[in-house]
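Q: Residue numbers (my numbering), protein chains in the order written: chain U, 2 to 341; chain G, 2 to 341; chain Z, 2 to 341; chain F, 2 to 341.
Number of protein chains: 4
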Amino acid sequence: MIYFLNDYCSGAHPAVMDALVRNNLTLQPGYGLDEFTIEACQLIREKAKTPNAQVHIVAGGTQANALVISSFLKPFESVISCHTGHINVHETGAIEGTGHKVSVRTGENGKLTVEMIESVVAEHTDEHMVRPAMVYISQTTEVGTIYTKEEVMAIREVCDKHGLILYIDGARLASAIAACPEFGYEELGKLAHVFTIGGTKNGALYGEAIVIVDERLQEDFRYYTKHRGALLAKGFVAGIQIGELMKDELYLEIGKHEHRMAEIIAKEAEKANWEFAYPPESNQLFFLMTPEFSEILRENFACSVVEKRQDYDVVRIVTHWASTEEDVEQLLDFINNNRQ
Amino acid sequence: MIYFLNDYCSGAHPAVMDALVRNNLTLQPGYGLDEFTIEACQLIREKAKTPNAQVHIVAGGTQANALVISSFLKPFESVISCHTGHINVHETGAIEGTGHKVSVRTGENGKLTVEMIESVVAEHTDEHMVRPAMVYISQTTEVGTIYTKEEVMAIREVCDKHGLILYIDGARLASAIAACPEFGYEELGKLAHVFTIGGTKNGALYGEAIVIVDERLQEDFRYYTKHRGALLAKGFVAGIQIGELMKDELYLEIGKHEHRMAEIIAKEAEKANWEFAYPPESNQLFFLMTPEFSEILRENFACSVVEKRQDYDVVRIVTHWASTEEDVEQLLDFINNNRQ
Amino acid sequence: MIYFLNDYCSGAHPAVMDALVRNNLTLQPGYGLDEFTIEACQLIREKAKTPNAQVHIVAGGTQANALVISSFLKPFESVISCHTGHINVHETGAIEGTGHKVSVRTGENGKLTVEMIESVVAEHTDEHMVRPAMVYISQTTEVGTIYTKEEVMAIREVCDKHGLILYIDGARLASAIAACPEFGYEELGKLAHVFTIGGTKNGALYGEAIVIVDERLQEDFRYYTKHRGALLAKGFVAGIQIGELMKDELYLEIGKHEHRMAEIIAKEAEKANWEFAYPPESNQLFFLMTPEFSEILRENFACSVVEKRQDYDVVRIVTHWASTEEDVEQLLDFINNNRQ
Amino acid sequence: MIYFLNDYCSGAHPAVMDALVRNNLTLQPGYGLDEFTIEACQLIREKAKTPNAQVHIVAGGTQANALVISSFLKPFESVISCHTGHINVHETGAIEGTGHKVSVRTGENGKLTVEMIESVVAEHTDEHMVRPAMVYISQTTEVGTIYTKEEVMAIREVCDKHGLILYIDGARLASAIAACPEFGYEELGKLAHVFTIGGTKNGALYGEAIVIVDERLQEDFRYYTKHRGALLAKGFVAGIQIGELMKDELYLEIGKHEHRMAEIIAKEAEKANWEFAYPPESNQLFFLMTPEFSEILRENFACSVVEKRQDYDVVRIVTHWASTEEDVEQLLDFINNNRQ
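1. I'd like to check one pair, G171 (chain F) with L233 (chain U): are the Cβ atoms closer than 9 angstroms?
2. Since I believe V17 (chain U) is in contact with G204 (chain U) (beta carbons under 8 angstroms), could you give me their beta-carbon distance rounded to a whole number of angstroms?
3. Can you grab the Cα-Cα spacing for the pair V307 (chain G) / E92 (chain G), in whole Å?
4. Considering only their Cβ atoms, is the gap separating V80 (chain G) from V136 (chain G) smaller than 9 angstroms?
5. I'd like to know whether the C-beta atoms of R132 (chain G) and E47 (chain G) end up nearer to each other than 9 angstroms.
6. Can you check whether the CB of R223 (chain U) is closer than 9 angstroms to the CB of H1 (chain U)?
7. Once the 5 residues before and after N301 (chain G) are set aside, which same chain residues still bring their CB inside 7 angstroms of it?
8. Mind pulling the chain U residues with CB within less than 7 angstroms of Y9 (chain F)?
9. Excluding sequence positions up to five away, which residues of its chain have a Cβ less than 7 angstroms from the Cβ of T303 (chain F)?
10. Alpha carbon to alpha carbon, how far is Y252 (chain U) from I265 (chain U)?
11. When we look at the beta-carbon of D35 (chain Z) and count the other beta-carbons within 10 Å, is it buried (16 or more) or exposed?
12. Within this structure, are the beta carbons of T226 (chain U) and L68 (chain U) separated by less than 9 angstroms?
13. Can you tell me whether D127 (chain U) is buried or exposed, with buried defined as 16 or more other CB within 10 angstroms of its CB?
14. Hey, could you find the ends of the beta strand (DSSP E) I147 (chain F) is sitting in?
15. Spell out whether any CB of chain U is found under 9 angstroms from the CB atom of D221 (chain Z).
16. Considering only DSSP beta bridges, list what R132 (chain U) is partnered with.
17. With 7 angstroms as the limit, tell me which residues of the stretch 87 to 101 of chain G have their beta carbon closer than that to any beta carbon of chain U; keep them in chain order.
18. Can you tell me the Cα-Cα spacing of L206 (chain G) and I241 (chain Z), whole angstroms?
19. Is C10 (chain F) helix, strand or coil by DSSP?
20. Mind checking whether S11 (chain Z) and H258 (chain Z) have CB atoms under 9 angstroms apart?
21. Any idea if D161 (chain Z) is buried or exposed, counting beta-carbon neighbours within 10 angstroms, 16 or more meaning buried?
22. Which residues in chain U have a C-beta closer than 7 angstroms to the C-beta of R217 (chain Z)? List them in chain order.
23. Can you check DSSP and say which residues form a bridge with F287 (chain G)?
24. T197 (chain G) bridges to which residues according to DSSP?
25. Tell me, please, which residues DSSP counts as bridged to R106 (chain G).
26. Hey, quick one: how far does the beta strand (DSSP E) through E308 (chain G) stretch, first residue to last?
27. Start and end of the beta strand (DSSP E) containing H57 (chain Z)?
28. May I ask you to report which of helix, strand or coil DSSP gives Y4 (chain U)?
29. Note down, in chain order, each residue of its chain lying with its Cβ closer than 8 angstroms to the Cβ of G164 (chain F), except the 5 sequence neighbours on either side.
30. Please state if the CB of T291 (chain Z) and the CB of D328 (chain Z) are separated by a distance shorter than 9 angstroms.
31. By how many angstroms is the C-alpha of A41 (chain F) removed from the C-alpha of E245 (chain F)?
32. Please work out which residues of its chain come closer than 6 angstroms, Cβ to Cβ, to P281 (chain U), disregarding the five sequence neighbours upstream and downstream, and give them in chain order.
33. By how many angstroms is the C-alpha of H129 (chain Z) removed from the C-alpha of F184 (chain F)?
34. What span of residues does the alpha helix (DSSP H) with L251 (chain U) cover, start to end?
35. Any residues in the stretch 110 to 142 of chain G with a beta carbon nearer than 7 angstroms to a beta carbon of chain U? Which ones, in chain order?
36. Judging by CA-CA distance, which residue of Z:F294, Z:Y168 and Z:R299 is the nearest neighbour of I156 (chain Z)?
And the structure:
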């Protein structure tokens, strides 16, 4: 079946796999102290124009989030998130598992706003209340939308005003940069105190690079990483992959491909009057469908119902590095031949 | 100044203090294995008509909440609470500090409803999401309202339907029973899997009794208690106090006094057209006032602004065991002489 | 039965109880912001000659230990303790429950030495190992021995050398100062980064004062306290007690009494050739006895077997503020009339 | 330089890499629900003759240990380990980070004995002490030794006697089975309640299979896994690797190769009178050398000093799947030409 189920349904991008095969037999020190990891981290620093940033690579996204949040907060501090944030909804309490509250506000289109942040901060008064100390946003958001550069600049401003750390979860950063090229590595390096560059959903077998821009947050991060069980023995395997994604802008190319595939689908769906549950801005598209129509769709394409809204299914269609033009063609055919 | 600031502003009820003095020199085994604690726990079992319940006494309310919740949940499970719940707002992340998420719904008048619980349960699908496993309600609520017996019966029903533990935080239980006598110890024993009887805010120096009704939850509770630092060396001091409160229905008498004092104030305030922020149902009254009027009030009486609502202060006035009729008279005078 | 079971077997010292009764009806702000607590803390600062120290009062000893240790360590850091340390043996994993390892060395007579600390530090190399960051000693130790001032000076020196925090658990500090007057409040204020003054075992109903001498450790301690459920609503009750103990050197007087009672017993036991399991230096005495003899003793006096050593029981006899000369006389009679 | 540094210094065994390449473009559901993982788990069940075992694959060893231990223990319970156990020494407090104490006994040759376990159990009396509930052993041990089948049978017996869970960490299981073929998959399935089969150190890029034999421990394990950030989005990548290692006994073949390489080295070293720090039983060899000699060795071969013993270095030499006969030849030459 044709897969629009998610963006982690197939292995590594061929170039990444080639790099793994090519370097498979080199001998390397463990735990990310190898030449590949060093090079990958250096490439990231250069792209982000953050010569003093620290870069660490871990296996997965939930792990990265739990590690970052628990390392930079004091026990009684919380992280602010939109209600749709991955750390709030889809991590099975992993953040709370490290002892920290997620301070949630209900937002539109998956986005946190300056007002939402101000509202959490305003509520806090004294030691009887959890103290907000970090802002979490994801780019792209969990519902496929994109923060504009201006939006993030405003968020950073409110963070600076209140002494909050801005953490940008880039699990789907490739797709985000494709959708909004003026908010790329360099802007991330300027606006985030810490951000991630997600490999798993963008052409790697696994691997999320954590970029700690703010030097005050860099101390002892390898201790934190090991303590959370996130220091990989064969760190070089992740280093090879992230390095390959950084070279020749492969990462951005993958994002562009994902984005282009999604754009074609979104346009055709729009023409066919399919209703969007969230604005179509990146490689994740969300449609409102009757359960009957949703079922027919899912008989033909691997995709998922992610939400139930009264009489409608919210169906997610995701394009990924391995999505082909043929896959998209077939979905376009379906769109044109199956009116809701 | 006259104190309507809170219900933990003065020492022990004279009868409780007498008991402490009277028994001060008896020699007792430690850690709650003494005769006073044994008797106090037995009295509670009798009142609640729960002969098989376990009773444990700890020092404070946040401690009791963190202990109960962390002992009965698996690491990946959450407790459902109204957004105004003490565990959500006023415990500085203590619940999350034990690793557990508080699954919050915004409620009216401080109360959780069946619909709110159902909505949390409905949202949960699988292992990618935190699993709700307990319902937390406080009686009285944090905004001074009272659950009716019928409301709690409905909540228990939905708990049974979904396998949720019902935990009722009785930090202000004396006042609650005074307000709603048909929902007393016995009904608590029937409807809650676990509940607390708060001493601190009702005549004791300190001490919260945790009543574990459901036998499946009783195993190893002394281990959990010590592990959380909540097993008191001189447990008998708390035992003496809780025992005294249970004898001759002193606890209920204190609640009645608090309730009567509040009722008089509420009636006069109503007559004077003071606006309530929440329905006046127990010993905590919440008024909407202009900041100017709130300031004048607070120059004359110790009470606090607990919330800011646009152009209004929400001012809390609390009656307690040591509130006197003279105190109340003076407040009535103020009410009648100072029109908002 | 006559109680030599422990030092938390009876209520408050009469002077402390008087203070509680006397001040019972004063109205006070909550959470330790009251005048009694302020005065008690000021008295402590004066005695310790640490004008910039912060003092916080919590209910119990395990709670104090877990709070202090978890507040001052990073998640991946450990606290060094002798194997007999309370935090290692008798807190049911409460320290680990806050996420921290106790790095243990086997010591003699309950004491940690410079060599033991150096050995833990030497073992640590890099981020693959927990990092020792604090030293925990208790004065008196759990086996009734006393650190000399010189020993603690040497420990502090090794702490400074390696950047370790020195935490002295003074649960039985009154008895310790009685035994070793040249190592009193002032010396504690000089040598410890943080120490406690235990009320529970020295005349209070409950209450442990945490004295944070080092200013770098003082930030946000009320947040940490509330987060761990240790901020008492009626903080003034503990404040009254600790204040009373500090006035007129009542605390030291209690210690002297305990010490004198124990000394008399120890001398007589020595004469009668009773064998000590640990050197008799404070109000806790430990004897090696045959199980038969231990049983006879315990039929006559409340005391406990704390350890089994091959053919011997280790029996603990503890004197406390309420131990009377008559109690001691009876024990002396027993000693003289019952040869092992 | 020739690498005897560790067994995670090179990529995947060629057959494993081939499988990754071959299946790279197949489309799979996420989170270990794919056909490869299902097949790999089935193969493990068959080999271990545990048709009802659950198998879960996570990325790393410390992660696997923290996940297993924290999922099966109550908050106040501890895991018993030899002082050399990985969970005690080399996980930066990761186990304590999940709230659990490691109850340690000093052992010989990296092994836990029945006596050591009994001693921990005997020490535990009541709720004032952490309760031992699990036994952790690693096969091979961290110092390269091997438990015999009889030793593990005796350990399991003492576990059953005291209701302890037996957890066998098989990070280096391939080498262990090569050294002790009568204690293979099937025996593990019989004697362990839960064990791991380590991929990272035996031919995979990453991947540790957790085999939960005891059905009482199987409930909700996917929840625990996600909660700890250990559920891999592209689970199929690990599934492919573990599956390939299980097919045609590749895993055992890798172990045999490692073992044979080590055996040759050990024999030659013995002949040359090199002194062993621990008995040479598996692919990790530990030698006592003067610092001078150790330095010369390490100028020629990548290997590490893992311990300092007075005047000696303890040097670890590790063979791995990519160790060649030529590598070993060169080391033999060195041994023969460089007398200590």
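Beta carbons are placed, not taken as given, at the ideal position from N, Cα and C, and that holds for glycine.
Predicted model only: the values in this text are computed from it and were never measured.
A: The structure says:
1. As a first step, residue 233 (chain U) is located in the first sequence; it is residue number 232 there, counting from the start. As a first step, residue 171 (chain F) is located in the fourth sequence; it is residue number 170 there, counting from the start. Taking 9 angstroms as the Cβ cut-off, L233 (chain U) and G171 (chain F) do not qualify as a contacting pair.
2. Locating residue 204 (chain U) in the first sequence gives position 203, where the first residue counts as 1. Locating residue 17 (chain U) in the first sequence gives position 16, where the first residue counts as 1. Yes, they are in contact, since the Cβ atoms of G204 (chain U) and V17 (chain U) sit about 6 angstroms apart, within 8 angstroms.
3. As a first step, residue 307 (chain G) must be located in the second sequence, where it is residue number 306. As a first step, residue 92 (chain G) must be located in the second sequence, where it is residue number 91. If you take the alpha carbons of V307 (chain G) and E92 (chain G), they lie about 15 angstroms apart.
4. Counted from its first residue, the second sequence places residue 136 (chain G) at position 135. Counted from its first residue, the second sequence places residue 80 (chain G) at position 79. Cβ distance < 9 angstroms, so V136 (chain G) and V80 (chain G) count as in contact.
5. Within the second sequence, numbered from 1, the residue matching residue 132 (chain G) stands at position 131. Within the second sequence, numbered from 1, the residue matching residue 47 (chain G) stands at position 46. No, they are not a contact pair.
6. Nothing in the structure corresponds to residue 1 (chain U), since chain U is present only between 2 and 341.
7. Against the second sequence, residue 301 (chain G) aligns to sequence position 300. If we look at N301 (chain G) and ignore the five residues flanking it on each side, its Cβ neighbours are F335.
8. On the fourth sequence, position 8 is the one that residue 9 (chain F) refers to. The contacting residues are G31, A234 and K235.
9. Your numbering for residue 303 (chain F) matches position 302 in the fourth sequence. The displayed chain sequence assigns Ala, not Thr, to residue 303 (chain F). Taken in chain order, the residues that qualify are M2, I3, Y4, F5 and L6.
10. Counting from 1 along the first sequence, the entry for residue 252 (chain U) is found at position 251. Counting from 1 along the first sequence, the entry for residue 265 (chain U) is found at position 264. Cα to Cα, the separation comes out at about 20 angstroms.
11. Numbered from 1 along the third sequence, position 34 holds the residue referred to as residue 35 (chain Z). The residue in question, D35 (chain Z), is buried, as its Cβ has 16 or more Cβ neighbours within 10 Å.
12. Along the first sequence, read from residue 1 onward, the residue named residue 226 (chain U) stands at position 225. Along the first sequence, read from residue 1 onward, the residue named residue 68 (chain U) stands at position 67. Against a cut-off of 9 angstroms, the Cβ pair of L68 (chain U) and T226 (chain U) comes out as a contact.
13. Here the question's residue 127 (chain U) lines up with position 126 in the first sequence. Exposed.
14. Here residue 147 (chain F) refers to the residue found at position 146 when the fourth sequence is read from its first residue. Segment: none, I147 (chain F) is in no beta strand (DSSP E) and carries neither H nor E.
15. Within the third sequence, numbered from 1, the residue matching residue 221 (chain Z) stands at position 220. Yes, its Cβ sits closer than 9 angstroms to a Cβ of chain U.
16. On the first sequence, residue 132 (chain U) is found 131 positions in, with the first residue counted as 1. For R132 (chain U), which the question treats as bridged, DSSP gives the partners U:E78.
17. V90, H91, T93, G94, E97, G98, G100 and H101
18. Mapped onto the second sequence, residue 206 (chain G) falls at position 205. Mapped onto the third sequence, residue 241 (chain Z) falls at position 240. Distance between the alpha carbons of L206 (chain G) and I241 (chain Z) is about 12 angstroms.
19. Start at 1 with the first residue of the fourth sequence, and residue 10 (chain F) comes out as number 9. Coil at C10 (chain F), not helix or strand.
20. In the third sequence, the residue the question calls residue 11 (chain Z) occupies position 10. In the third sequence, the residue the question calls residue 258 (chain Z) occupies position 257. No, the pair does not count as a contact, with Cβ atoms beyond the cut-off.
21. Mapped onto the third sequence, residue 161 (chain Z) falls at position 160. Result: exposed.
22. Taking the first residue of the third sequence as position 1, residue 217 (chain Z) is located at position 216. Those do not exist, as R217 (chain Z) stays about 14 angstroms from chain U at its closest Cβ, beyond 7 angstroms.
23. Position 286 of the second sequence, counted from the start, is the residue given in the question as residue 287 (chain G). DSSP output for F287 (chain G) lists G:R317 as bridge partner(s).
24. On the second sequence, residue 197 (chain G) is found 196 positions in, with the first residue counted as 1. Paired residue(s): G:I211.
25. What you label residue 106 (chain G) is simply residue 105 of the second sequence in a count that begins at 1. Bridge partners of R106 (chain G): G:C83.
26. Walking along the second sequence from the start, residue 308 (chain G) turns up at place 307. E308 (chain G) -> beta strand (DSSP E) spans S305 to R310.
27. Along the third sequence, one-based indexing puts residue 57 (chain Z) at 56. H57 (chain Z) -> beta strand (DSSP E) spans Q55 to V59.
28. Sequence index remark: in the first sequence, residue 4 (chain U) carries index 3 (1-based). Strand.
29. In the fourth sequence, counting from the first residue as 1, residue 164 (chain F) sits at position 163. Around G164 (chain F): A134.
30. Numbered from 1 along the third sequence, position 327 holds the residue referred to as residue 328 (chain Z). Numbered from 1 along the third sequence, position 290 holds the residue referred to as residue 291 (chain Z). Taking 9 angstroms as the Cβ cut-off, D328 (chain Z) and T291 (chain Z) do not qualify as a contacting pair.
31. Counted from its first residue, the fourth sequence places residue 245 (chain F) at position 244. Counted from its first residue, the fourth sequence places residue 41 (chain F) at position 40. When rounded, the distance between both Cα atoms is 8 angstroms.
32. Mapped onto the first sequence, residue 281 (chain U) falls at position 280. The answer, listed in chain order, is A267.
33. The residue given as residue 184 (chain F) occupies position 183 in the fourth sequence. The residue given as residue 129 (chain Z) occupies position 128 in the third sequence. When rounded, the distance between both Cα atoms is 30 angstroms.
34. Position 250 of the first sequence, counted from the start, is the residue given in the question as residue 251 (chain U). That run of the alpha helix (DSSP H) goes L251 to K272.
35. E128, H129, M130 and V131
36. Against the third sequence, residue 156 (chain Z) aligns to sequence position 155. The shortest C-alpha separation from I156 (chain Z) is found at Z:Y168.
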